[in-house]
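To start, the structure under review is shown below, and the notes come after it.
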Amino acid sequence: MLAYSTKDYVTLEMLEKVCPELKIFADDKLIAQRLKVEALYESAIAEQAEDIEEMRRDEALVLPYDLDYTSDGLNLSYEEKEKLLAVQPQTIGAASRIPGITPSTVLRLLRFVKNNNSSCNHAFAT
Numbered sequence: 037m038l039a040y041s042t043k044d045y046v047t048l049e050m051l052e053k054v055c056p057e058l059k060i061f062a063d064d065k066l067i068a069q070r071l072k073v074e075a076l077y078e079s080a081i082a083e084q085a086e087d088i089e090e091m092r093r094d095e096a097l098v099l100p101y102d103l104d105y106t107s108d109g110l111n112l113s114y115e116e117k118e119k120l121l122a123v124q125p126q127t128i129g130a131a132s133r134i135p136g137i138t139p140s141t142v143l144r145l146l147r148f149v150k151n152n153n154s155s156c157n158h159a160f161a162t
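Numbering follows our numbering, with no gaps: position 27 of the sequence shown is 63.
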């Protein structure tokens, strides 16, 4: 991990102490900048990968037939509510394939259903 706190990053100089072969890059500002950028986004990229895996794993999750898409807990835009109400998807996977429904919307929907429905069913809808 290149970032070891929210404000501190591993520098090229720090890496040189561990791996002296990196000394040849000491004056390369592009590499130093690249290290900083990698460190800055590393945790966000890892978190996004976890979100993607969660959506893949729960694609077959059956949505409750009485799911209230207008619930404030879902925090959906008017357009998203309208599309979900019109289509009434049976599963998370079906919701993810509705044009205009973003991955972040699907993730919110997935987490809302998991948190508010103790009888979540991973069986495929019939």
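Here a beta-carbon is modelled for each residue, glycine too, at the ideal position from N, C-alpha and C.
Query	Result
Minimum C-alpha distance to residue 126 - residue among 69, 103, 86	103
Residue 115 - containing alpha helix (DSSP H), residue span	114 to 123
Which of helix, strand or coil DSSP assigns to residue 106	coil
Opposing strand residues paired with residue 127 [DSSP bridges]	98
Residue 105, buried or exposed, once every other Cβ within 10 Å from all chains shown has been counted against 16	buried
Presumed contact (8 Å Cβ cut-off) between residue 128 and residue 110, rounded CB distance	Contact flag wrong, Cβ pair sits at about 13 Å.
Rounded straight-line distance, which links the Cα of residue 123 to that of residue 69	47 Å
C-beta atoms of residue 146 and residue 108 nearer than 8 Å	no
Inter-residue spacing [alpha-carbon to alpha-carbon] between residue 120 and residue 131	7 Å
Beta-carbon gap between residue 29 and residue 142 smaller than 8 Å	Not covered by the structure: residue 29. The range shown for the chain is 37 to 162.
Contacting residues, own chain, Cβ-Cβ under 6 Å from residue 90 (five flanking each side not counted)	none
Own chain residues within Cβ distance below 6 Å of residue 58, not counting five before or after	51, 52
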